[in-house]
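Working notes, beginning with the structure itself.
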Amino acid sequence: MTTTRRIDAHHHLWDLSARPQGWLDGPDVQPIRRDFGPADLRAVTGPAGVDATVLVQVLNDIDETADFLALAGSPT
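Reminder that position 68 of the sequence shown reads as 68 in UniProt numbering, one-by-one numbering, no gaps.
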């Protein structure tokens, strides 16, 4: 029997207090100029039946990479 899994292949998380996101400064992106964390992701992926996700880095930043690796290794 084959089990089908739903994978969200591209999403971002960011904490504006930890790392400024200059690309969010324009008026066109004001609706998303806020923190997006794991709880925000779960709020939409859970009801959609998503089983796993691929977190895509927002900034080319070694500290962000370390944070995301720690997040990936933490329980959901």
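From the three backbone atoms N, C-alpha and C, an ideal C-beta is built for every residue, glycine too.
Apart from the five residues just before and just after residue i, which ones in its own chain have a Cβ nearer than 8 Å to its Cβ?
i   : result
P27 : none
H10 : V54 and V56
Can you name the residues that DSSP bridges to residue i?
i   : result
H11 : L55
F36 : W14
Which value, in whole angstroms, describes the spacing of the CA atoms of residue i and residue j?
i   : j   : result
T65 : D15 : 13 Å
S17 : T45 : 24 Å
V29 : G22 : 11 Å
L41 : M1  : 30 Å
Short of 6 Å in beta carbon distance, which residues of its chain neighbour residue i, apart from the five on each side in sequence? Order them along the chain.
i   : result
L24 : R33
So the candidates are the options; which of them puts its Cα closest to the Cα of residue i?
i   : options         : result
P20 : D35, T3 and D40 : D35
Short of 7 Å in beta carbon distance, which residues of its chain neighbour residue i, apart from the five on each side in sequence? Order them along the chain.
i   : result
D51 : R5, R6 and I7
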